[in-house]
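These notes are about the structure you will find just below.
Protein chains: 2
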Amino acid sequence: MILTQIVNKMVASPQITPTATTTLADRILADLTAEIVEGDLSPGEKLREPDLARRFGTSRGPLRDALRRLESRRLVVTTPNAGARVVSLSHEQLLALYELREALEGQTARLAAERISASELGELERLLDTHAAEIERRNGREYFRQQGDLDFHFRIAKASGNALLYDTLCVDHYQLMRLYRTKFSNRFGRPNRALAEHRRVLDALKDRDGELAELLMRRHIRAARDTIAAEPSTSTTNEHQL
Amino acid sequence: MILTQIVNKMVASPQITPTATTTLADRILADLTAEIVEGDLSPGEKLREPDLARRFGTSRGPLRDALRRLESRRLVVTTPNAGARVVSLSHEQLLALYELREALEGQTARLAAERISASELGELERLLDTHAAEIERRNGREYFRQQGDLDFHFRIAKASGNALLYDTLCVDHYQLMRLYRTKFSNRFGRPNRALAEHRRVLDALKDRDGELAELLMRRHIRAARDTIAAEPSTSTTNEHQL
DNA sequence: CGATCTGTTATTGTTGACAATACATAGCCG
DNA sequence: CGGCTATGTATTGTCAACAATAACAGATCG
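From first to last, the protein sequence lines stand for chains A and B.
First residue of the first sequence: 31, per this note's numbering; consecutive thereafter.
First residue of the second sequence: 31, per this note's numbering; consecutive thereafter.
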């Protein structure tokens, strides 16, 4: 659990080397991100600057900075002169997020098929073996499965060799995906089916078949989207006016 | 006071607000964006906060705010404790931008084919007629052609009915595309070919053929990318250390 | 003569106070 | 009694000064 927190903070502030000088806004960004994604701050909740500043022991300056960066990662919605609130996706907005993923990840898969290295292919293979073992002994820390699943997708994004695609997907929208993924991840049967779909994507990558890799990746994400589309839309309301 | 209440109610209806309350950071953001895109600030140029604040007649607070938002639109790059610089894309990064566009716009075309309204189709048709007339009388304000071309792409993004896709494309990456588009737009023959490609995309939209619309849009953008890939890579260096 | 160390200066990070705006409550008038 | 207005409070926007970090220049030493 400590490990995961460290990982989260590293993900929250990407590109920064371990010993890089960390500013106050960086710390606030990491902490607030964790609180939002882990549910300590509920969707739609008002984020009052004086409160938060007191809570983090800083002034409002760095805090506003962190809020702006959270806004660019779509975890916070700000309206001028009215402050910031934790994001609260409607059912339609959540489906839209999956349509965005479908486009971005389809492209990463296509490009990765052309550019992925042999060692990266090996790492993906080992990752899926780990997932298989994890699913085998059921209930084995669902959280790790989540994390591992995203790992698969993000390694492919990295292997695409397109840093802009990677950033748009894994930096700008990563935590938002995490936030709204928890609710729908382990529908019955989905883990094993997802693993099988991952395997087929990997096979296409090995074959250097970009077209197929994209097709399979898009289907994979659309399957997840369809699972959500079937949900009752009451589960993600947008009526948080607190 | 009454006026402000009216304005507030107008703000309540989302997105379009004629006289929205404009903050200082908003103005700086708009001005700086224009200066960057129009070349008054060269790529790689250092952006010193005291200088800019004096120039805009404000303090550093709103200015830092504007810089952060420019960063999220990828128009400036900031490194902690070292300040901000105007973005300067390498040849590879520019190609990566087109790979991102290909993914996003392919998806917008696919979705728009399912969701676009009859009136939107009519507007697109009229827009392309305007473009044809504009190209007819050559040299007729290249700038307008540029703008009009992007108009076509963005109306499709809007017609996709996916606000997240629209924002990622037309808000987060719009100015960056404008900035690096000027250099390569009117290669000989490209305008007419581009118009023909637009026409075919529109036909696919009319036929409600999402798959074809996506295919054509992706080809269209890849053609533009190939034009750039053929350029000598010296035209976009990354060596601005001024 | 070159490299490293050190002191200086400029720039970024941070802070607390002030001004302007929006929200909530209570009072007023129809 | 209900809706509108006005006042008071809380929150956001803005500012100028202070602290910390990094770039720069000069001097010292090998």
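By construction, the Cβ of each residue, glycine as well, lies at the ideal position given by its N, Cα and C atoms.
As the structure is a prediction and not an experimental result, all values here were calculated from the model.
Non-local C-beta neighbours of Arg99 (chain A) in its own chain, meaning closer than 7 Å and more than five positions away in sequence, comprise Leu59, ordered along the chain. Judged by DSSP in its simplified three-state form, Arg104 (chain B) adopts coil rather than helix or strand. Using a Cβ-Cβ cut-off of 7 Å, Gly136 (chain B) is close to Ala133 of chain A, given in chain order. Across the structure, Arg104 (chain B) and Thr51 (chain B) are spaced so that their CA atoms are roughly 25 Å apart.
Residue state for Thr53 (chain A) is assigned as coil, using DSSP reduced to three classes.
Contact between Arg131 (chain B) and Ile251 (chain B) holds: their C-beta atoms lie close to 5 Å from each other, under 8 Å.
Going by C-alpha positions, Thr138 (chain B) is about 18 Å away from Arg255 (chain B). In the DSSP annotation of this structure, the continuous segment of the alpha helix (DSSP H) that includes Val231 (chain B) starts and ends at 220-236. Judged by their CB atoms, Ile66 (chain A) and Val107 (chain A) are not nearer to each other than the 8 Å cut-off.
When 7 Å is used as the limit between beta carbons, Thr51 (chain B) is near these residues of chain A: Pro110, Asn111, in chain order. Using a Cβ-Cβ cut-off of 9 Å, Leu195 (chain A) is close to Ala126, Glu129, Leu130, Ala133 of chain B, given in chain order.
As computed with DSSP, Leu77 (chain A) is found in a beta bridge with A:Ala114. Chain-ordered, the chain A residues with CB closer than 7 Å to the CB of Ser102 (chain B) read Ser102. Of the candidates A:Leu125, A:Leu246, A:Asp237, the residue whose Cα lies closest to the Cα of Leu225 (chain A) is A:Leu246. Cα atoms of Ala112 (chain A) and Glu79 (chain B): separation of roughly 26 Å, rounded to the nearest angstrom. Residue contact with chain A for Arg98 (chain B): present (Cβ-Cβ distance below 8 Å to some residue of chain A). Taking 8 Å as the cut-off, the beta carbon of Arg140 (chain B) is found no closer than this to the beta carbon of Glu227 (chain B).
Neighbours of Gln123 (chain B) across chain A, judged by C-beta separation under 8 Å: Ala193, Leu194.
With its beta carbon less than 8 Å from one in chain A, Thr198 (chain B) belongs to the interface.
Counting only the Cα atoms, Gly152 (chain B) lies some 14 Å from Asp237 (chain B).
One Cα belongs to Glu166 (chain A), the other to Asn222 (chain A), and the distance between them is close to 9 Å. The beta-carbon of Leu141 (chain B) is placed less than 8 Å from the nearest beta-carbon of chain A. For Arg211 (chain B), there is no enclosing alpha helix (DSSP H), as DSSP gives it neither H nor E. Non-local beta-carbon contacts of Tyr128 (chain A) in its own chain, meaning distances under 8 Å to residues more than five positions away in sequence, involve Ile251, Arg252, Ala254, Arg255, Ile258 in chain order.
Thr88 (chain B) sits in coil when the DSSP states are folded into three classes, being neither helix nor strand. From the beta-carbon of Asp95 (chain A), the residues of chain B found nearer than 9 Å are Arg94, Asp95, Arg98. If you ignore the 5 residues before and after Thr63 (chain B), its C-beta comes within less than 8 Å of the C-beta of Leu100, Arg103, Leu105, Gln205, all in its own chain and listed in chain order. The criterion of a C-beta distance shorter than 8 Å is satisfied by Ala193 (chain B) and Ala126 (chain A).
For Ile258 (chain A), the enclosing alpha helix (DSSP H) begins and ends at 240-259. With a cutoff of 8 Å on beta-carbon distance, Gly191 (chain B) and Arg248 (chain B) are scored as not near each other.
Around the beta carbon of Asp233 (chain B), fewer than 16 other beta carbons lie within 10 angstroms, which makes this residue exposed.
The continuous alpha helix (DSSP H) containing Asp159 (chain B) extends over residues 148-166. Taking 8 Å as the cut-off, the Cβ atoms of Arg229 (chain B) and Gln176 (chain B) do not count as close. Within 10 angstroms of the beta-carbon of Arg85 (chain B) lie fewer than 16 other beta-carbons, which makes it exposed. Arg208 (chain A) and Asp197 (chain A) have their C-alpha atoms some 15 Å from each other.
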